[in-house]
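Protein sequences, first through last, are from chains B and P. For what it's worth, the numbering used here labels the leading residue of the first sequence as 1, then goes sequentially. For what it's worth, the numbering used here labels the leading residue of the second sequence as 576, then goes sequentially. For every residue, glycine included, the Cβ atom is placed at its ideal position computed from N, Cα and C. For reference, the structure is listed below as structure tokens.
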Amino acid sequence: MGGDVSEELDEIIKEFITEAEEILENIDPLFVELEVRADDKELLNNIFRSMHTLKGAAGFLGFQQIVDVAHRAENIMKKIRDGEIKLSRLLIDIILKSVDILKEIINCIKENKTYDNDITLFLNEMDMAIKGAEEDNVTKQIDKDDLNEPKKEKEKEENIVSQKLQPIKQPLDATPKEKETMTNLRVEVSKIDKVMDLSGEIVLIRNRLMNLASKANKENMQEFFEQFSETTGFLDRVTSDLQLAVMKMRMQPIQKVFSKFPRMVRDLSHSLGKDIVLEIFGEDTEVDKSVIENIGDPLVHIIRNSIDHGIEYPEERIKKGKPSKGKITINAYQKGTQIVIDVIDDGKGIDIDALKNKAVSKGLISLEESQAMSNEEAVNLIFLPGLSTKDAASELSGRGVGMDVVRTNVSNLNGYVDVITSKDVGTTFRISLPLTIAIIQALMVKVGNEVYAIPQTMIEETLRINFSDLKNVTGQDVLNIRGKVLPVYHLHKVLNVPQEKDFKNQYLYVLVAALGDKKICITVDSLLGQEEIVIKTINGVDMEHCGVLGATITGDGRVVLIVDLALLMKTLNKK
Amino acid sequence: MFNYNIKILVVDDFPTMRRIVKNLLNQLGFKNIEEAEDGQQAYNKLMSDPDFKLVVSDWNMPNMEGIELLKKIRQSEEPLKSIPFLMITAEAEKEKVIEAIKSGVDNYIVKPFTAEVLKEKLEKIAEKKQLLKN
């Protein structure tokens, strides 16, 4: 029984962490709303209840630090709700800080560490804030002993119910053994039921196939094949459905990511003296778990960029005849098999000429290159590492990370970013992501005797050219496509694949690949077609640097490597 | 001394808390436990299933608070009217507890509590009401 109890406790702690994180994430946006509607009782009550809930459960699990912080925050919220003290900027800051500290403590629990920071200072700060707020509110009579020393209050509770309060003892040493086991996913029961249903059907098909196999003999071949092909057709449908259902289990509303933005926009715009309102649409849009985990950073960079460089100061906006309040809109939606996230600001737009000059002066592109660039191409310069359009690094962007992170992270998710900008109207960053990253559209190509899969997201077009179309400029093969000269690399040379001896094709097949503003051509022996492939990781290989994204098994049972085009292009460009 | 087969309804809006309370009841030997997320859901469950013999409810919940649930139960028809009701509360302020007693709560318990304390409370309820006994 003892083992069961501690295992059960592990589970409870895990569940607590997941839910506590959710509760805390939901508090931030409530506060931003509270600044607009300060007297909304329901809002105040929501925050109060969140803290109350946290305190209660943490008490059972023996997380005293959480109890201490949440208790005070709850106390403040209760007094504001009941009109005993007035909501002030100071109190909001204190509660937001307590949310941050609670998040840190929970993170420590999650990582199986003890939270070492001394919270007594902050607890004092909270007590002082309550006291100060009460003194401001002279009209009300309040029992101060009760507030300033929560311990006394606790004793009172104990007296009334005449019992000893003793939290469960095990929790702290019974925290889970491994960090990985902490990644939990909350899934709607209906989605799991769907998977159950479909696996049930697969069992039925298996039974049918086994039955068929046992009855097959030479005499009934004709009948056997008919039934066999009927059953495989059925299997095909059910597995596709099952794959979709499992994929959907991993899908979660993108709200998880969006919920931290209201506070971020509030804090950043305040610190810059800008007035910005944030509107969010489509937060119910469901995306893959991996997207939830990886899209936060790029979005933060884009939003920061919009606040910092996009939206003008109120005076400037009024001069231009715009409303003094700037607006950032985040919109998530599904478009076909893609998820699109738009971040739209109504700021001054990106100054393309300044961008070009900057890139030239930093030596990132040549003057000729910059002159040949169209506006659409030039705007993508913003994603080049080491480029910032503002000369003085501002408070926000001086953090050593730039917009290049956006493109890298998004392409890691097999997606891409578009920038649409218009002077004094604003800028839209559009992130397009595949619905799932486990299944991708790939181009199957042949090089020598080998077949490779190339993710289609980076391929702009495919061409068939004559050998004579290739030109050689100082040892580098180049190809002129509609007036643009692009470097050509031969995949068999890049990957060191021997070409068949008598290989003499009249034609060359060329893939035009784009990474950011760089384009290159890659030649292959032949194009086999397009296929939906499932990415499998290869164990025991350093996947980050080997130039291969993974492997897949094609319909005919062949194992095919998936080429990591992004990495390939980076290494080729360096040469 | 308890009838460990009785059906118990645990009411709390926080899943972790429901699990903790369920776990404590399990430790005492109770096996037949159901959950509800708030007072409204609990009331609906109780109305549609007369087998419940005990309610263990939190006070603070959205939609319908524990105290409202208690009041609604006490205003309903028998046998639900006199179902044993244990209130879980973190704020044992006098007026609140008095309100609960006036509304007919059988006992109350302050968070956090241990299995032993829970057992004591249930024993006290069992003395008053025969329903929990074998």
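B/Phe467 counts as exposed, since fewer than 16 other beta carbons sit within 10 angstroms of its beta carbon.
Counting the other Cβ atoms within 10 Å of the Cβ of P/Phe589 gives 16 or more, which makes it buried.
Interface criterion met: the Cβ of P/Asp588 is under 8 Å from a Cβ in chain B. Its chain contains Lys41, Leu44, Asn45 and Phe48 as the residues whose beta carbon lies nearer than 7 Å to that of B/Arg81, once the 5 sequence neighbours on both sides are disregarded; these appear in chain order. Annotated three-state conformation of B/Thr462 is strand, per DSSP. The segment 265-274 of chain B makes contact with the segment 302-310 of chain B: 3 or more CB pairs, one atom from each, lie closer than 8 Å. In this structure, DSSP gives B/Arg263 a helical state, which the three-state scheme calls helix. By the Cβ rule, the segment 480-488 of chain B does not count as touching the segment 531-539 of chain B, because fewer than three pairs are nearer than 8 Å. The segment 489-539 of chain B is shown to contain whole beta strand (DSSP E) runs of 3 or more residues at 507-515, 518-524 and 526-534, in chain order. Per DSSP, B/Asn207 is one residue of the alpha helix (DSSP H) stretching across Val189 to Lys215. Rounded to whole angstroms, the gap between the alpha carbons of B/His52 and P/Asp587 is 12 Å. By the C-beta criterion, the segment 276-296 of chain B is judged to be in contact with the segment 327-345 of chain B, since at least 3 inter-stretch pairs fall below 8 Å. The beta-bridge partner set that DSSP reports for B/Ser432 consists of B/Val340 and B/Tyr416. Scanning the segment 263-338 of chain B from its first residue to its last, the whole beta strand (DSSP E) runs of 3-plus residues come out as 276-281, 286-288 and 326-335.
Contact of B/Arg81 with chain P is not assigned, every C-beta pair being separated by 8 Å or more. Under the DSSP assignment, B/Asn124 falls in the alpha helix (DSSP H) whose first and last residues are Thr120 to Asp136.
Burial of B/Leu24 is indicated by the presence of at least 16 other C-beta atoms within 10 angstroms of its C-beta.
The beta-carbon separation of B/Leu561 and B/Ala551, rounded to 5 Å, stays under the 8 Å limit for a contact. Ranked by Cα distance from B/Phe224, the options B/Leu212, B/Ile109 and B/Leu572 are led by B/Leu212. With respect to chain P, the C-beta atom of B/Thr53 has a partner C-beta closer than 8 Å. With a cut-off of 8 Å on Cβ pairs, the segment 430-447 of chain B is not in contact with the segment 349-366 of chain B, counting fewer than three such pairs.
A distance below 7 Å between beta-carbons, with the five flanking residues on each side excluded, links B/Val405 to the following residues of its chain, in chain order: Asp297, Pro298 and His301.
The DSSP-derived three-state label of B/Phe63 is coil. In the three-state scheme derived from DSSP, where H, G and I count as helix and E and B as strand, B/Lys348 is classed as coil. A Cβ-Cβ contact shorter than 8 Å links P/Gln615 with P/Asn638. In this structure, B/Ile311 lies away from B/Asp342, with their beta-carbon atoms at least 8 Å apart. Pairwise C-beta distances place the segment 199-215 of chain B out of contact with the segment 246-262 of chain B, as fewer than three of them are shorter than 8 Å.
When secondary structure is reduced to three states using DSSP, B/Ser422 falls in the strand class.
Put simply, the CB of B/Arg72 is far from chain P, with every gap to its CB atoms at 8 Å or more.
The beta carbons of B/Thr462 and B/Tyr416 sit about 18 Å from each other, so the pair does not count as a contact at 8 Å.
In chain order, Lys582 place their CB closer than 8 Å to the CB of P/Asp626, counting only its own chain and leaving out the 5 sequence neighbours on each side.
Fully enclosed beta strand (DSSP E) runs of no fewer than 3 residues occupy 582-586, 608-611 and 627-633 of the segment 578-661 of chain P, in order along the chain. Under a criterion of Cβ atoms nearer than 7 Å, no residue of chain P is adjacent to B/Gly363; the nearest Cβ is some 56 Å distant.
Taking all protein chains in view, the Cβ of B/Ile328 is crowded by 16 or more other Cβ atoms within 10 Å, so the residue is classified as buried.
A straight-line Cα-Cα distance of about 20 Å links B/Ile17 and P/Asn635. In the structure shown, B/Leu572 falls within a helical segment according to DSSP collapsed to helix, strand and coil.
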